[in-house]
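Number of protein chains: 2
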Amino acid sequence: MAVTDPTRIEPDGRDVVLVRWPAEDDRLDELRTRAVPRLVLVASHADPFSPVDDLEDWVRLPTAEADVRARVRTLRRRAADASERIPELADDRLLRYGCWWAALAPAEARLAEPLVARFGAVVSRSDLARAGWPEGLPSRNSLDVQLGRLRRRLEGSGLAIRTVRSRGCVLAAS
Amino acid sequence: MAVTDPTRIEPDGRDVVLVRWPAEDDRLDELRTRAVPRLVLVASHADPFSPVDDLEDWVRLPTAEADVRARVRTLRRRAADASERIPELADDRLLRYGCWWAALAPAEARLAEPLVARFGAVVSRSDLARAGWPEGLPSRNSLDVQLGRLRRRLEGSGLAIRTVRSRGCVLAAS
DNA sequence: ACCGGTGGTTCACGGGCGTGTAACAGGCGG
DNA sequence: CCGCCTGTTACACGCCCGTGAACCACCGGT
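Residue numbers (this note's numbering), protein chains in the order written: chain R, 2 to 175; chain P, 2 to 175.
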C-alpha cells in the first residue's frame, strides 16, 4: 500500500515521531531541540533531505508503509542505544537491563554482583571466586559451572559474559 | 531522473559503496566486516531493509539520483565523525575503539601496545619484536604470523594495520 | 629480460592448557 | 514428594602460539 498522507500511518509505538517536510518545518525544529527521534516524510517535489543528527531519518513520499515501519524501527533502536542502558542488580536478586529482567539464584547473584558493578571491564576469576564464595570456593571448576549457569540465565537479555583468557570475564552488551 | 540500475550511479566519491540487495548479499557481508560505509539499493520487490550499523543506509529503487547523493553525503559525514576516535589498550588486554572492543591474546596485546601508543605513526619491526618478545623472538616469521593474527582480530573494528615496506607497520583507521 | 634475494603474507599442523558443559548426586524449602 | 539450587567429576572443545613451508610482490644486478 502506497503512503502519500503521513496522518494515515500508525507507527509501532509513539516514541518515534513522523513529521512532514517542508510543510511542518517548525514542528521539526521543536522535535530536534527536544531530541525526539523523528522520521521526516519528504514531499515528492521537495529537495533531498539532510538529517542533522542520528536520531533523524527521512523517506520520500510516496512510499510503502512497510518501509516507513522499517525506518521507524531503526530509529527506535538507535534511540535505545543512545540512552545507554546499564544493568542493575537489586538486593532482591532481580537483575534488570532496560526493559528486560530476571530473578537470579543466590549464588548467581553473588557472582553477578562484581560483574554488574564493573560493567564493561574485566573482573578476574579470583575476584569472582571471592564474591561468589566468601568462605572460600569449594572445588576447582565450580566457578566455571556457576558462570555457565549465569550465562544461560542471561540468554535473550542483550547482555553476555565474555571471557578474556587468563584474565577473567567481562559483562557487556552482546 | 529516476534510478533503477545502480550501475548507472556515480557517487561523489568512492568512500561510500553502493550495493544492490538482495542481489549482492555476499558483497554486503564483506563490506560490513570491513566497516566500509555503504548504501544499500533495495530492489523494488524486496522486503524493507534493516541496517546493522550506523555506517549503513538504504533506499528503495527506483529513486531519484539526487536522493542517493543525499544519503551518500550523510553516510560520509558519519564515517568522518567515527574516524575521530582513537584506540585504547587496557592492561586487561581489552582493546577499545569507539563502541567496538575485543579481547586480545597475550602475545597480541604485547604487539598491539606500541602500535596503539604510536597510533598513526610507523613502528619498526624491531620495536615490534622487542615489545612482543622481551626475551628475544623465537624464529624467523613468528612476528609476521602474530601480526597476521592481530590483523584478523581487528576485522570489523574500523582499525587496520598497514605495512610500510622495509620501515614497519602503522595502526590506522581503515 | 632473466634471475636471485629480500621482505611480507598466509596456510596447515600440533602441543598445551584454559575453559565450557553434560551428567549425576545431595540438600533445602514449599 | 517434587522442584529448584548447588557442588563435583569427567570430558571435550577451542584458543593460544610456535613452527615449517609455500607463495607473492618488489628490487637490484648481470
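We treat Cβ as the ideally placed atom computed from N, Cα and C, and that holds for glycine.
Closer than 8 Å, Cβ to Cβ, to anything on chain R: give me those residues from the segment 93-115 of chain P, in chain order. Interface annotation for the segment 93-115 of chain P against chain R: Asp93, Arg94, Leu95, Trp102, Ala104, Ala106, Pro107, criterion Cβ-Cβ distance under 8 Å.
Outcome for Cys100 (chain P) when other beta-carbon atoms lying within 10 angstroms are tallied against a minimum of 16: Around the beta carbon of Cys100 (chain P), a 10 Å sphere encloses fewer than 16 other beta carbons of the protein chains shown; the residue is thus reported as exposed.
For Arg9 (chain R), would you say it is in contact with chain P, using Cβ-to-Cβ distances shorter than 9 Å as the test? Caution is warranted here: a pLDDT of 44 is assigned to Arg9 (chain R), below 50, making its placement in the model unreliable, and the coordinate value is therefore given only provisionally. No, Arg9 (chain R) lies away from the interface with chain P (no Cβ there is under 9 Å from its Cβ).
Do Ala110 (chain R) and Leu90 (chain R) come within 9 Å of each other at the CB atom, strictly closer than that value? Taking 9 Å as the Cβ cut-off, Leu90 (chain R) and Ala110 (chain R) qualify as a contacting pair.
Output needed in chain order: residues of the segment 59-74 of chain P with a Cβ under 9 Å from some Cβ in chain R. If the cut-off is 9 Å between Cβ atoms, the segment 59-74 of chain P has Trp59, Val60, Arg61, Thr64, Ala65, Ala67, Asp68, Val69, Arg70, Ala71, Arg72, Arg74 near chain R.
Mark Trp22 (chain P) as exposed unless 16 or more other C-beta atoms lie within 10 angstroms of its C-beta, in which case mark it buried. So Trp22 (chain P) counts as buried.
Is Leu56 (chain R) helix, strand or coil when you go by DSSP? Leu56 (chain R): coil per DSSP, three-state reduction.
In chain order, what residues of the same chain have a beta carbon less than 7 Å from the beta carbon of Thr164 (chain P), not counting five sequence neighbours either side? Annotation for Thr164 (chain P): Cys170 place their beta carbon closer than 7 Å to its own, counting only its chain and skipping 5 residues before and after.
Which residues does DSSP list as the beta-bridge partners of Val20 (chain R)? DSSP lists R:Val41 as the bridge partner or partners of Val20 (chain R).
Pick helix, strand or coil for Asp13 (chain R), following the three-state DSSP scheme. Because Asp13 (chain R) sits at a pLDDT of 40, beneath the cut-off of 50, its placement in the model cannot be relied upon, and the following sentence gives the value as read from the coordinates. Coil at Asp13 (chain R), not helix or strand.
Less than 9 Å between CB atoms is the rule here; does Gly169 (chain R) satisfy it with respect to chain P? It does; some Cβ of chain P falls within 9 Å.
Boundaries of the alpha helix (DSSP H) in which Arg74 (chain R) is found, first to last residue: 66-83 is the extent of the alpha helix (DSSP H) around Arg74 (chain R).
Could you spell out where the alpha helix (DSSP H) holding Leu138 (chain R) opens and where it closes? First-last for Leu138 (chain R): undefined, no H or E at that position.
If you run the structure through DSSP and keep just helix, strand and coil, what is Arg86 (chain P)? In the structure shown, Arg86 (chain P) sits in coil (DSSP, three-state: anything other than H, G, I, E or B).
Please identify the residue among R:Asp68, R:Asp48, R:Ile162 whose C-alpha is closest to the C-alpha of Asp68 (chain P). Comparing Cα-Cα distances from Asp68 (chain P) to each of R:Asp68, R:Asp48, R:Ile162, the minimum goes to R:Asp48.
Contact under 9 Å by Cβ, Arg154 (chain P) with Ala103 (chain P): The criterion of a C-beta distance shorter than 9 Å is satisfied by Arg154 (chain P) and Ala103 (chain P).
May I ask you to list, following chain order, the residues of the segment 14-27 of chain P that have a beta carbon less than 8 Å from some beta carbon of chain R? Here the close residues number zero.
Between Ala91 (chain P) and chain R, is any beta-carbon pair separated by less than 9 Å? It does: the Cβ of Ala91 (chain P) has a partner Cβ on chain R nearer than 9 Å.
Output needed in chain order: residues of the segment 122-140 of chain R with a Cβ under 8 Å from some Cβ in chain P. Residues Ala122, Val123.
Span of the beta strand (DSSP E), counted from its first residue to its last, around Ala174 (chain R): Note, Ala174 (chain R): beta strand (DSSP E), 169-174.
Could you tell me the distance, in whole angstroms, from the CA atom of Asp30 (chain R) to the CA atom of Glu66 (chain R)? Looking at the two C-alpha atoms, the distance is approximately 25 Å.
At which residue ranges does the segment 142-171 of chain R contain complete alpha helix (DSSP H) runs of 4 or more residues, listed in the order of the chain? List check, alpha helix (DSSP H) in window: 143-154.
Please report the residue range of the alpha helix (DSSP H) in which Ala103 (chain P) lies. Taken as a continuous stretch (DSSP letters only), Ala103 (chain P) belongs to no alpha helix (DSSP H), being part of the beta strand (DSSP E) at 101-104.
When you compare the segment 74-84 of chain P with the segment 45-60 of chain P, are there three or more beta-carbon pairs, one atom per stretch, that lie closer than 8 Å? Three or more pairs of CB atoms, one per stretch, sit closer than 8 Å, so the segment 74-84 of chain P contacts the segment 45-60 of chain P.
Going by DSSP in three states, Leu62 (chain R) sits in which element: helix, strand or coil? Three-state result, Leu62 (chain R): coil.
Residue environment, Arg35 (chain R), which counts as buried when at least 16 other CB atoms sit within 10 Å: In summary, Arg35 (chain R) is exposed, with fewer than 16 beta-carbon neighbours lying within 10 Å of its beta-carbon over all protein chains present.
Spatial neighbours of Ser84 (chain P) in its chain, beta-carbon cut-off 6 Å, leaving aside the 5 residues before and after: Correct list, in chain order: Ala174.
Burial state of Glu114 (chain P) (16 or more Cβ within 10 Å): So Glu114 (chain P) counts as buried.
Hey, is Glu156 (chain P)'s beta-carbon within less than 9 Å of any beta-carbon in chain R? Glu156 (chain P) does not count as touching chain R.
Measure from the C-beta of Ala80 (chain R) to each C-beta in chain P and report whether the shortest distance is under 9 Å. Nearest CB-CB separation between Ala80 (chain R) and chain P: not below the 9 Å threshold.
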